[in-house]
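Q:
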Amino acid sequence: MSEETTKSTKNPMDVIDQNAVLFCVDNTDITAKQIMAVLAMLLVEDCTVPFITRYRKDKTGGLDEEQIRLIQEKYDEYIEREKRREFILEAITKQEMMTPEIEKKIKAATNINQLEDIYAPFKSKRKTKAQIAKEAGLGPFSILMKESKLPMPELAKEALKYINKEKKIATFEDVLKGACDIIIEEIAHDTELKEQLRNDYWAQAMIKSTPRKGYEEVKDWQKYKDYFEYEQKVSDLKDPKAAHRFLAIRRAQTEKILKVEIIFDEEYANNLILSKNFPDTTVTSYKALVDCASKAYKNYIHSSLDLEIKGELKKLSDESAIDVFGINLKNLLLQPYLGSKTVLALDPGVVTGCKTVVVDNTGKFVVDTVVYPHPPRNQVRESATILNAMIEQFNVEYIAIGNGTFGRETLQFVEDNITAVKDGKVKATMISEDGASIYSASPIAKKEFPDKDATVRGAISIGRRFQDPLAELVKIDPKSIGVGQYQHDVNQVRLKKSLNGVVESCVNFVGVDINTASAPLLSFISGIGPTVAGNIVKHRDKNGLFSDRSEILKVSRFSEKVFQQAAGFLRVYNGKNPLDATFIHPENYDMLEEWAQKNGYTLEQLTTDNAVANKLKSDKDLIAKLGEFTVNDIYKSLTAPSQDPRTEFKTTEFRKDVREIKDVKIGERYPGIVKNITQFGAFVDIGIKENGLVHVSQMADHFVENALDVLKVGQEVSAVVLDVDMDRKRIALSLKSDGAEEAKTYERPTGGPRKSNPRGGKPKMPKQNDAPLKNNAFAALKGFKVK
Numbered sequence: 183m184s185e186e187t188t189k190s191t192k193n194p195m196d197v198i199d200q201n202a203v204l205f206c207v208d209n210t211d212i213t214a215k216q217i218m219a220v221l222a223m224l225l226v227e228d229c230t231v232p233f234i235t236r237y238r239k240d241k242t243g244g245l246d247e248e249q250i251r252l253i254q255e256k257y258d259e260y261i262e263r264e265k266r267r268e269f270i271l272e273a274i275t276k277q278e279m280m281t282p283e284i285e286k287k288i289k290a291a292t293n294i295n296q297l298e299d300i301y302a303p304f305k306s307k308r309k310t311k312a313q314i315a316k317e318a319g320l321g322p323f324s325i326l327m328k329e330s331k332l333p334m335p336e337l338a339k340e341a342l343k344y345i346n347k348e349k350k351i352a353t354f355e356d357v358l359k360g361a362c363d364i365i366i367e368e369i370a371h372d373t374e375l376k377e378q379l380r381n382d383y384w385a386q387a388m389i390k391s392t393p394r395k396g397y398e399e400v401k402d403w404q405k406y407k408d409y410f411e412y413e414q415k416v417s418d419l420k421d422p423k424a425a426h427r428f429l430a431i432r433r434a435q436t437e438k439i440l441k442v443e444i445i446f447d448e449e450y451a452n453n454l455i456l457s458k459n460f461p462d463t464t465v466t467s468y469k470a471l472v473d474c475a476s477k478a479y480k481n482y483i484h485s486s487l488d489l490e491i492k493g494e495l496k497k498l499s500d501e502s503a504i505d506v507f508g509i510n511l512k513n514l515l516l517q518p519y520l521g522s523k524t525v526l527a528l529d530p531g532v533v534t535g536c537k538t539v540v541v542d543n544t545g546k547f548v549v550d551t552v553v554y555p556h557p558p559r560n561q562v563r564e565s566a567t568i569l570n571a572m573i574e575q576f577n578v579e580y581i582a583i584g585n586g587t588f589g590r591e592t593l594q595f596v597e598d599n600i601t602a603v604k605d606g607k608v609k610a611t612m613i614s615e616d617g618a619s620i621y622s623a624s625p626i627a628k629k630e631f632p633d634k635d636a637t638v639r640g641a642i643s644i645g646r647r648f649q650d651p652l653a654e655l656v657k658i659d660p661k662s663i664g665v666g667q668y669q670h671d672v673n674q675v676r677l678k679k680s681l682n683g684v685v686e687s688c689v690n691f692v693g694v695d696i697n698t699a700s701a702p703l704l705s706f707i708s709g710i711g712p713t714v715a716g717n718i719v720k721h722r723d724k725n726g727l728f729s730d731r732s733e734i735l736k737v738s739r740f741s742e743k744v745f746q747q748a749a750g751f752l753r754v755y756n757g758k759n760p761l762d763a764t765f766i767h768p769e770n771y772d773m774l775e776e777w778a779q780k781n782g783y784t785l786e787q788l789t790t791d792n793a794v795a796n797k798l799k800s801d802k803d804l805i806a807k808l809g810e811f812t813v814n815d816i817y818k819s820l821t822a823p824s825q826d827p828r829t830e831f832k833t834t835e836f837r838k839d840v841r842e843i844k845d846v847k848i849g850e851r852y853p854g855i856v857k858n859i860t861q862f863g864a865f866v867d868i869g870i871k872e873n874g875l876v877h878v879s880q881m882a883d884h885f886v887e888n889a890l891d892v893l894k895v896g897q898e899v900s901a902v903v904l905d906v907d908m909d910r911k912r913i914a915l916s917l918k919s920d921g922a923e924e925a926k927t928y929e930r931p932t933g934g935p936r937k938s939n940p941r942g943g944k945p946k947m948p949k950q951n952d953a954p955l956k957n958n959a960f961a962a963l964k965g966f967k968v969k
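The numbering used here runs 182 ahead of the 1-based position in the sequence shown.
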């Protein structure tokens, strides 16, 4: 019996913590039955998320991939919390300091923060001032200080009893200080007090940023000027739309431009501590207790909550930025593809020339050369002659030009001088070259083209990503593709996990041709991974093309379990079985062949005749055996005109009269393509070097909560220019129907600092400085930099 079979025979109830299921139920809108089904497949049956999403809908009740990944995320969150709980229980027990009350608190804690509050007094590896004072016997006097109403002379006389020179308690002041150290630590470790203040901080605290001394010496400090006297409620920064602000502030802090602090009403906090711990104001030592409360708050509680809130804001901002990055990446990977067309690709250059390659309709590299149409050589006629000859010789159908330095000038040269382009027989278009240089120097590229230099590899990548963006972009680190926001500042482990999940999702959503797919592309297929992907390519090179899916089992390390998870996403075109060219899983072949034979049809008819597929869809017996979701998906696969869910590429025609920013006219409309989306807006390519910015308030005639609700990367738009800032090379755009009218009254923001409250004063709601953020594009760019 195989290892996979042995594992799958385990009872899910024995493997899955039912409390984890309840945790997932409480933190999602998904039923316990669905969660249990998903966790059983993930943890017991070793299934992948793409496989569960597409082929186990009848078990999950039709959950989509996002919901399944959410279950996985919440389960991992629960496990992380419980591991921490067990660690804390064990650590305190080892210190021989566990009490029934502490154990009860630990077991009742509902989140990591509460657990850490309980564990805080036991963390320190060196003795605290309070512990030293307790060892010196000052514990009883600290209690006396909190409760005694003895006249001060008598209390002082009582204090003298605790003098212990061996323990370095030599004077009355030493006794008082030691007792205060004990009281301060008790306040600092009051979990209920800290939880209340934590909630108050999130509701009322402000975040404040001011310039640090010497900030002028830091490069590019000017882009953070809007944050030099900035205040905002921390609760506002929890909003995903504000994530870019906190990340900008944090980056400026890291670069030693800004000082960032959390401000809270100190008087309120001290009064809360006193009312909770020392309600009797008539005790003799009340003034000393007030001082203890102030020190406990200022030195311990506030500093702790300051770090905690900044950390939580960082986490929330990271999540938001990573989510936006993931959505942009998904839209980029799934953008329209050109398909099987021969492409001439140019990677523009000036001194070193334009690297030029031809990639045939299968993506195979054919030939390369270099042309020099730009200064200093200015070989316009010679370059045109070479390109015209290549186009004719290799039957080129499209020209792809990298959009980097001199990309626009190269497109202009092609449009003005290439005969087939001027005649409309061949179309030329700009292609994003983000990441192409990184790919060209990567081990993957060197292995694929060992005899070519990096510039030629880059040009090949540009041509191939035009043919099939998904197949080519999977070879590049997603962070280098150019659709992120602060991607180098966010948690890199979580970013990598999220982006890999997006790539895996996209590859399996589209599926691959196993006879043409590269190893990097195959590695993202459900259940495969880099090693098995490499084995598939080696087997293909050695033995020729696969003729049906079952042959894949001959590949080294391609087990039955891997076959179950991967087979449906691997297509074999023009093979022995027409079902192999669809998304239909081989596990359903026997049932479909039996149905076809029983009803007098061939498999060919089943895959080509929609009337036959319609009959299958309504067969109640088949639905009872396979499930309604499965039969529905089989029907969709049988009747789809193409198994590739992406749309085919359509050329965007930019305005010919616009070559550079000085040609852009306010109030006029320009066609464009969305290049990147952030929380505050979208960057749009209108055919020149500079991208325009559409603020979220200018995206539609109706209110837009989230830019991602109305736009996606790669989408074609028609935008009106609101403003052109020639000094800063910025263009403000509007997608509103009355954008031309708005352009007449549009005012460029002047910005301005926010006034801050003095530290210790009661925080007030800051005057909203959001007018520029809501009404124009440029103010929203605070600290943002497109990578």
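Beta carbons are placed, not taken as given, at the ideal position from N, Cα and C, and that holds for glycine. On a predicted model such as this, the values are computed, not experimentally measured, just so you know.
Taking 7 angstroms as the limit between beta carbons, can you name the residues of its chain near residue 807, skipping five residues before and five after?
A: Within the sequence shown, numbered from 1, the residue matching residue 807 stands at position 625. Within the same chain, residue 807 has close Cβ partners 773.
Q: What number of angstroms, rounded off, separates the C-alpha of residue 782 from the C-alpha of residue 523?
A: One-based indexing of the sequence shown puts residue 782 at position 600. One-based indexing of the sequence shown puts residue 523 at position 341. Straight-line Cα distance between these residues: approximately 40 angstroms.
Q: Which ranges does the alpha helix (DSSP H) cover as unbroken runs of at least 4 residues, wholly within the segment 653-739, from first to last along the chain?
A: Fully enclosed alpha helix (DSSP H) runs of 4 or longer: 674-692, 701-704 and 711-725.
Q: Compute the beta-carbon to beta-carbon distance between residue 601 and residue 570, rounded to the nearest angstrom, for a pair I have assumed lies under 8 angstroms.
A: One-based indexing of the sequence shown puts residue 601 at position 419. One-based indexing of the sequence shown puts residue 570 at position 388. 5 angstroms between Cβ atoms; contact.
Q: I need the DSSP call for residue 344, collapsed to helix, strand or coil.
A: Position 162 of the sequence shown, counted from the first residue, corresponds to residue 344. Three-state result, residue 344: coil.
Q: Identify whether residue 330 lies in helix, strand or coil by the three-state DSSP scheme.
A: As a working note, residue 330 is residue 148 in the sequence shown. Reduced to three states, the DSSP call for residue 330 is coil.
Q: Return the chain-ordered list of same chain residues with a C-beta closer than 7 angstroms to the C-beta of residue 831, the five sequence neighbours on each side being excluded.
A: Translated into positions along the sequence shown, residue 831 becomes position 649. Result list for residue 831: 518, 519 and 520, in chain order.
Q: Between residue 745 and residue 275, what straight-line distance do the alpha-carbon atoms span, to the nearest angstrom?
A: Residue mapping note: residue 745 aligns to position 563 of the sequence shown, counting from 1. Residue mapping note: residue 275 aligns to position 93 of the sequence shown, counting from 1. The alpha-carbon atoms of residue 745 and residue 275 are separated by roughly 48 angstroms.
Q: Quick test of your reading: residue 349 and residue 318, contact by CB under 8 angstroms. State the CB separation rounded to the nearest angstrom.
A: Here residue 349 refers to the residue found at position 167 of the sequence shown. Here residue 318 refers to the residue found at position 136 of the sequence shown. Yes, they are in contact, since the Cβ atoms of residue 349 and residue 318 sit about 4 angstroms apart, within 8 angstroms.
Q: Please report the distance separating the alpha-carbon of residue 410 from that of residue 398.
A: As a first step, residue 410 must be located in the sequence shown, where it is residue number 228. As a first step, residue 398 must be located in the sequence shown, where it is residue number 216. Distance between the alpha carbons of residue 410 and residue 398 is about 12 angstroms.
Q: Taking residue 643 as part of the alpha helix (DSSP H), name the residues at either end of that continuous run.
A: Numbered from 1 along the sequence shown, position 461 holds the residue referred to as residue 643. Looking at the DSSP string, the run of the alpha helix (DSSP H) that includes residue 643 is 636-649.
Q: Using the C-alpha atoms, what's the distance from residue 690 back to residue 235?
A: Working through the sequence shown from its first residue, we reach residue 235 at position 53. Working through the sequence shown from its first residue, we reach residue 690 at position 508. When rounded, the distance between both Cα atoms is 10 angstroms.
Q: How many Å lie between residue 738 and residue 723 at the Cα?
A: As a position in the sequence shown, residue 738 is number 556, starting the count at 1. As a position in the sequence shown, residue 723 is number 541, starting the count at 1. Approximately 14 angstroms between the Cα atoms of the pair.
Q: Could you spell out the range, first to last residue, of the beta strand (DSSP E) harbouring residue 970?
A: Here the chain has residues from 183 to 969 only, and residue 970 is not among them.
Q: Applying the 10 Å Cβ sphere with the 16-neighbour rule, what's the burial state of residue 666?
A: If you number the sequence shown from 1, residue 666 lands on position 484. Buried: at least 16 other Cβ atoms inside 10 Å.
Q: Measuring CB to CB, does residue 615 end up less than 8 angstroms from residue 529?
A: Walking along the sequence shown from the start, residue 615 turns up at place 433. Walking along the sequence shown from the start, residue 529 turns up at place 347. Cβ distance < 8 angstroms, so residue 615 and residue 529 count as in contact.
Q: Following the continuous beta strand (DSSP E) through residue 412, name the residue where it begins and the one where it ends.
A: Within the sequence shown, numbered from 1, the residue matching residue 412 stands at position 230. Looking at the DSSP string, the run of the beta strand (DSSP E) that includes residue 412 is 412-415.
Q: Please report the straight-line C-alpha distance between residue 459 and residue 372, rounded to a whole angstrom.
A: Here residue 459 corresponds to residue number 277 of the sequence shown, with the count starting at 1. Here residue 372 corresponds to residue number 190 of the sequence shown, with the count starting at 1. Their Cα atoms are separated by approximately 10 angstroms.
Q: Nearest-angstrom Cα distance between residue 205 and residue 242?
A: Residue 205 sits at position 23 when you count from the first residue of the sequence shown. Residue 242 sits at position 60 when you count from the first residue of the sequence shown. Spanning the two alpha carbons is a distance of roughly 18 angstroms.
Q: Pull up the DSSP beta-bridge partners for residue 858, would you.
A: Mapped onto the sequence shown, residue 858 falls at position 676. DSSP output for residue 858 lists 865 as bridge partner(s).
Q: From the DSSP output, in three-state form, read off residue 895 for me.
A: Walking along the sequence shown from the start, residue 895 turns up at place 713. Coil, per DSSP.
Q: On the three-state DSSP scale, how would you describe residue 827?
A: For the purposes of this step, residue 827 is identified with residue 645 of the sequence shown, where counting begins at 1. Of the three classes helix, strand and coil, the one that applies to residue 827 here is coil, per DSSP.
Q: May I ask you to verify whether the segment 869-885 touches the segment 837-849, counting CB pairs closer than 8 angstroms and requiring at least 3?
A: Contact holds: three or more Cβ-Cβ distances are below 8 angstroms.
Q: Measure the Cβ-Cβ separation of residue 440 and residue 668 and say whether it is below 8 angstroms.
A: Numbered from 1 along the sequence shown, position 258 holds the residue referred to as residue 440. Numbered from 1 along the sequence shown, position 486 holds the residue referred to as residue 668. Not a contact, by the Cβ cut-off of 8 angstroms.
Q: Are the beta-carbon atoms of residue 874 and residue 917 separated by less than 8 angstroms?
A: Residue 874 sits at position 692 when you count from the first residue of the sequence shown. Residue 917 sits at position 735 when you count from the first residue of the sequence shown. Cβ atoms of residue 874 and residue 917: not closer than 8 angstroms.
Q: Enumerate in chain order the residues of its own chain whose CB-to-CB distance from residue 679 is below 8 angstroms, with the five nearest sequence positions on each side excluded.
A: Taking the sequence shown and counting its residues from 1, the one referred to as residue 679 is at position 497. For residue 679, where only same-chain residues beyond five positions count, there are no Cβ hits under 8 angstroms.
Q: Could you check the C-alpha separation between residue 285 and residue 508 for me, to the nearest Å?
A: On the sequence shown, position 103 is the one that residue 285 refers to. On the sequence shown, position 326 is the one that residue 508 refers to. Rounded to the nearest angstrom, the two C-alpha atoms are 41 angstroms apart.
Q: According to the neighbour-count rule (16 or more other Cβ atoms, all chains shown, within 10 Å of its Cβ), is residue 424 buried or exposed?
A: Taking the first residue of the sequence shown as position 1, residue 424 is located at position 242. With 16 or more Cβ atoms within 10 Å of its Cβ, residue 424 is classed as buried.
Q: Check whether the segment 584-593 touches the segment 546-566, taking contact to mean three or more Cβ pairs, one atom from each stretch, closer than 8 angstroms.
A: Verdict: yes, contact present.
Q: Excluding the 5 residues preceding and the 5 following residue 647 in the sequence, name in chain order all residues of the same chain whose CB lies nearer than 7 angstroms to its CB.
A: As a working note, residue 647 is residue 465 in the sequence shown. Once the five neighbours on either side are set aside, the close Cβ partners of residue 647 are 613, 654 and 655.
Q: Quick one: grab the DSSP three-state call for residue 441.
A: Position 259 of the sequence shown, counted from the start, is the residue given in the question as residue 441. Residue 441: strand per DSSP, three-state reduction.
Q: Does the distance from the C-beta atom of residue 644 to that of residue 547 stay below 8 angstroms?
A: On the sequence shown, position 462 is the one that residue 644 refers to. On the sequence shown, position 365 is the one that residue 547 refers to. Taking 8 angstroms as the Cβ cut-off, residue 644 and residue 547 do not qualify as a contacting pair.
Q: For the alpha helix (DSSP H) that contains residue 572, what are its first and last residues?
A: Translated into positions along the sequence shown, residue 572 becomes position 390. From DSSP, the alpha helix (DSSP H) with residue 572 extends over 562-575.
Q: So, at 6 angstroms on beta carbons, what are the nonlocal neighbours of residue 851 in its own chain, with the 5 sequence-adjacent residues on each side left out?
A: In the sequence shown, the residue the question calls residue 851 occupies position 669. Result list for residue 851: 900 and 902, in chain order.
Q: Going by C-alpha to C-alpha distance, which of 706, 695, 664 and 694 sits closest to residue 684?
A: Taking the first residue of the sequence shown as 1, we reach residue 684 at position 502. For the residues 706, 695, 664 and 694, the minimum Cα distance to residue 684 belongs to 706.
Q: Going by Cα to Cα distance, which pick from 208, 477, 253 and 768 is closest to residue 369?
A: Along the sequence shown, read from residue 1 onward, the residue named residue 369 stands at position 187. Selected option, being the one with the closest Cα: 477.
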